[in-house]
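To start, the structure itself, in C-alpha cells.
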C-alpha cells in the first residue's frame, strides 16, 4: 500500500514536469535513434568516398545531419531534464514545506529535524530526477542494445566478445565496491577522530584562548592526520587498481573487434567503413553498464518517494473558524487524556484556571507537566477530552485568533527571524517595536540586548548567548504575543536568581492581567502562584496554594528530587 | 573586453595554496609528466596502427601483418593502463598533502576564532573532502586532455600531415568556446551550490523550530522564508540547465566537426595519394582519443573547477590570523584598571564603562551580579583575551594583552578536559611539574577517585566519562599547578557542591598570588576580602558590610535569603553544608529548592 502511494507520488511529480518532460522524452528517443544510425551512416560515407562510388556526398550530408540531430537532441535533453527536474523539485519541496508547517509538533514527534531536511532535500531531488533517470536509461538502452544487435549482424562472434567483456567490467566494479567499504571505514574513523578532537577543543575555547595555546591545540587535534593520509592513500591505490582494470577493458574489446574485423576485411567480407562502424558499436554497446546504473537510480527514486510520502502522510491538525468572544482568558480542561507510545501521559485531567490568575504546574519529571502545557495552548490535541479558552474549544478557534491569544515560552526556545528584534516579535503580527521592547524589558532582555554589537538589530547568528539569555529572549517573545494566556514551560530554569525574581515580579505585576500557566521546578516559583496543580503520573494529585501543599512531605520531595 | 572577464576569478590566497600543492615536490611533477606521456601512448599510436593494419595488412592480403599492427594499440593500452595507475598515485601524492594543509587551515582557524558549533565543524570537514576530490579531478582531466591532444597531433603529423589542418582547428575552436562559456557556467554552478545550501539551512531551521513556529502562529512567515529559498533554488537549477545545454554545443564543435570535416575533405585527401586506411586511422584518432578527452575536460573542469573555487573560498574564508601573543613578564601581579570602557560593537551599549579598580598583589576579590551583566567580559579583559576600547588594564604595570600567557590563568565555567591522560591534562600549563606535585594536586582537589575509576592517572581519559563537577576539578587542579600568579575563576566551581567549592577557593587563596572569583554562589563573596558588584548601570566595590548598605542589588542578593516571607516559613534546608564557610558571620541560607544560593545557573 505504501509503495503504491509512493508510486503515485512519483507519477504526480512526473506530471509537474509539464511540457519539458515531453521534450525530454522526444529528444532522448530521437537522439538515441540517431546515435545508433550514426556509425552505419559513417561507414557508408567512408566506403563510398574511399571507393569513389557516386552518392558519397549525399552520404556525408546524411552523416552531418545525423551528427546535428544527435547534438541538438543532446542539448534539448540536458535543458529539458534540468528544467523538468527543477520544476518538479520545486513542487515537491513546496508541498513538503507547507505540510511540515501545518503538521507542526505532530510531525516533530515522528521525525527528527535531520530526517525532515533529508526528505525535503535529497529525497525530493531524487524523486524529481526520476523522469530524467527513466528517459536517460531508455536513451542509453536503445543504442546499447541496438549496438549489440548491429555487431551481431556484422559478425556474431563480435557480439559475444562484447557481452563477455561487459560481464568482466561489472565483476571488477563489484569487487571494488566491496573492498572500498573496508578502506573507507578506516578513513572515516580517522576523520571522525579529528572532528571529535576539534569539537572538544572548541568547547574549551576560552581556556585555550586565555592560555594562548591555540597552536598547540591545533597540533593535538591534527595528531591523527598521518593515519588519515595513510588510509587516504590506501583508498587511492584501490581506486587506481580497479579503475584501471575497468578502463582497459573497453579499448581491449575494441582492439579485439578490430583484429577479428580485420581478418574479415582481408577475406573480403567487410569494408573499411564497416570496420570503423564495428569499433564504434563496441563503444556504444559498453554504455549498457551505465544504463543498468540508471535503472538502479529508479529503484532509489522509488524508496526516496516512499520516505517523502511518509512525511506528507503525517496528519495535520485542522483549525476552526470561530473567533474568540471577549473574556478574561479562562482556561478549562475537561477529562483530558493524551497518549504516548508507553501509555497515557495525561489521564483524565480536569482543571479550571480562572481568567487572570497564575497557576503553577509542578510534579516530578515525567509527571506530564510539559504535556499539560502543550495541550493547554494546542501544541498538541488531546486524544480524548477537550480544552476550552473562554468557553470555546481550542479546536474550533481560528488559527490567528488562537495564536494571538496564547503565548508560549520554553526551556530551550528556538529563535527564528533575522535579528533578535525579529525573534522577539515572531508572535506579533506585523511590526510593533514598542510592544516588543516593553516585553523585552519585562523579560529582563532589554539590557543585555542593547549591549550587543547592533542592539535589537543584531543578527541572531552573531549573538552568542548563554542558556539564560536565550530563555529571556523566548520569554520576551511570549510576553509580546500572549493577549490572554501565557504558558511558561520551565521557561526560567536557566535564569540566575536575581533575574528570575525580576521576571517573577513582572509576571505578578505588569503581566497580571493575563492568565498564566507556569510549569515550575523551583519551589519559589510555585510559592508566587495563586494556585498550584500537582501532577503525578499524568493525573492531578492535588491543587491548592503552595503553602498548604508544602505540609505534605511527598509534595516537598517533588522539588528535591528534580534539581 | 578585458581577458579578466572570461577567466574565473581565483583569489590570490587560493592560487598560492594550489601552486604550493603542485610544486611541493618537484620530482613528483616529473614523475606525473613521465607517466602521463606513457598514458598517452594509445593516443599517439592508435590511429597510425589502424591505418597500417588496413593498408599494409588486411586490405593488402597480409592478415599476419594486419594482426601485428592491431597488436600495437593493444600493447599501448596495456602500457597506458599501467601508466594510468601510476598517474593516479602521483595525483594522490599531490592532493593528499593538499587535503592535509586544508585541514590544518580549518582546525587552526576554528581554534583561533575560538568558536564554531559542531555542525560547522562537520560542514568544514565535508568541504575539505570536496576540495580534495575536485582538485584531483582537475589535475587528472587537464593533464589527460593536454597529453592526448599532443599525442594525437604528433600521431596525425607522422601518419598524414595533410590531415592536421582539417582536424585541429575545430578542436581548438571547441576548446576556446568552452573556455569562453566557463565563467558563465561557473557563476551558474556556484549559484546552484549556494542555493542548495541556503535551502537546506532554511529547511533545517524550520524543522528544528516547528514547536516554536506553531506556538508563535508564524507558519505563513516561515513558509514565506523557506519558500523563497526553494524558489531561488529552482531558478538556479533551471539557469544552470540552460548553460549546460549550451555547453554540449561546444563539444559538438570540438568533437563532431572534425569528423565531418574529415569526411568532407576525404576526396581531396584521396586525390593527394592518401589511402582509405589513413582516413580510417585519422577518424580513429579523433573518435577514440580526442573526443573522449575533450568531453572529459569539459565535464571535469565545468563541474570540479567551480566546486574547487567555491569550497576553497569557504575554507580560506574561515582562516584566521594568529592572535597576538604577549611575551612580557609582568613585575608582580598587582591588577589595575584605569577608566576602562568596553563595548561589543560601535552601536552597542558598553558592557563596562569607565571602570577604575585596583586589586593589590595577593588580594582575593569576588565579583557578583546577574548573568549577562558583563562579569565574563571583565574576566576576559583582566586576562588580556579582550582589549578595552578605552582606558588601560595593567598587570604588574604591563598592559594585560602584552603579558605572557603563562603569568595568568582563566578558568571558565565550561571546564576544558581533553582526550589524554589525567596527568597530561593536569600538566597542560605546567610541563615541568614533578609527580609529587601532581599527586598533591590530585589529593587536594579530590581527584583520586575519578583517577582510579579511569584506570589510573596515566590511563587515557574520556572527558565524557567525568561528571561536570569532576571536569571542573581537573581544570582547577591544572591551574593550581600552573605557574600563573593571577588566577581568575569565572564561575569555575558552578558544578561543585558548596563544600567542594569552599575547599577549592581556600586552596587558591592559600596558594598565593592574586585571586579573582566571578561568584556563582553568594558564599563566594563572603569568603573574599573584597567584593565587586556589577549592576549594569554601575560598579561598586567594597567589603561585604560596606556593600550591604551601599548597593541595593547586593542587599537584594544577600537579603533574599535573610528571612523574607513566604520563603522563611517554608525552610527545608537543602544547602546546610554552607555552614563550614565563614562560620558565625552570616545567617544560614535557608533554601527552598536547594538552589536559592546560586547567583547563576
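Protein chains in written order, with the working numbering: chain A, 2 to 564; chain B, 546 to 1146.
Ideal Cβ positions, reconstructed from N, Cα and C, are used throughout, including at glycine.
Residue i classed as buried or exposed, judged by whether at least 16 other C-beta atoms fall within 10 angstroms
| i | result |
| --- | --- |
| residue 829 of chain B | buried |
| residue 726 of chain B | buried |
| residue 523 of chain A | buried |
| residue 584 of chain A | Because chain A in this structure spans residues 2 to 564, residue 584 of chain A falls outside the shown range and cannot be described. |
| residue 415 of chain A | buried |
| residue 343 of chain A | exposed |
| residue 437 of chain A | buried |
| residue 549 of chain A | exposed |
| residue 994 of chain B | exposed |
| residue 422 of chain A | buried |
| residue 1018 of chain B | buried |
| residue 1108 of chain B | Only weak support exists for where residue 1108 of chain B lies, its pLDDT of 37 falling under 50; the coordinates are left without a value. |
| residue 824 of chain B | buried |
Extent of the continuous beta strand (DSSP E) run through residue i
| i | result |
| --- | --- |
| residue 409 of chain A | 407-411 |
| residue 503 of chain A | Note, residue 503 of chain A: premise wrong, no beta strand (DSSP E); alpha helix (DSSP H) at 498-509. |
| residue 419 of chain A | From DSSP, residue 419 of chain A is part of no beta strand (DSSP E); its letter is neither H nor E. |
| residue 653 of chain B | Taken as a continuous stretch (DSSP letters only), residue 653 of chain B belongs to no beta strand (DSSP E), being part of the alpha helix (DSSP H) at 608-658. |
| residue 887 of chain B | 880-887 |
| residue 1063 of chain B | 1059-1063 |
| residue 913 of chain B | 909-913 |
| residue 598 of chain B | First-last for residue 598 of chain B: undefined, no H or E at that position. |
| residue 1035 of chain B | 1031-1035 |
| residue 1075 of chain B | 1075-1079 |
| residue 1038 of chain B | It is not in any beta strand (DSSP E) - residue 1038 of chain B carries neither H nor E in the DSSP assignment. |
Backbone secondary structure at residue i - three-state DSSP
| i | result |
| --- | --- |
| residue 959 of chain B | coil |
| residue 535 of chain A | strand |
| residue 74 of chain A | helix |
| residue 8 of chain A | helix |
| residue 575 of chain B | helix |
| residue 218 of chain A | helix |
| residue 359 of chain A | strand |
| residue 546 of chain A | coil |
| residue 897 of chain B | strand |
| residue 14 of chain A | helix |
| residue 937 of chain B | strand |
| residue 460 of chain A | strand |
| residue 323 of chain A | strand |
| residue 232 of chain A | helix |
| residue 1005 of chain B | strand |
| residue 944 of chain B | strand |
| residue 466 of chain A | coil |
| residue 414 of chain A | coil |
| residue 398 of chain A | strand |
| residue 817 of chain B | coil |
| residue 904 of chain B | strand |
| residue 975 of chain B | coil |
| residue 429 of chain A | coil |
Paired residues, beta bridge with residue i - DSSP
| i | result |
| --- | --- |
| residue 345 of chain A | A:340 |
| residue 333 of chain A | A:353 and A:389 |
| residue 965 of chain B | B:1006 |
| residue 520 of chain A | A:362 and A:490 |
| residue 868 of chain B | Note: residue 868 of chain B sits in no beta bridge, so no partner. |
| residue 789 of chain B | Note: residue 789 of chain B sits in no beta bridge, so no partner. |
| residue 1087 of chain B | B:1076 |
Contact list for residue i against chain C, beta-carbon separation under 9 Å
| i | result |
| --- | --- |
| residue 14 of chain A | In the displayed structure, chain C is absent; the protein chains listed are A and B. |
Residue interval of the alpha helix (DSSP H) (run including residue i)
| i | result |
| --- | --- |
| residue 23 of chain A | 20-52 |
| residue 1025 of chain B | 1013-1026 |
Legend entry - Whole beta strand (DSSP E) elements within the region 249-294 of chain A, 3-residue minimum: none
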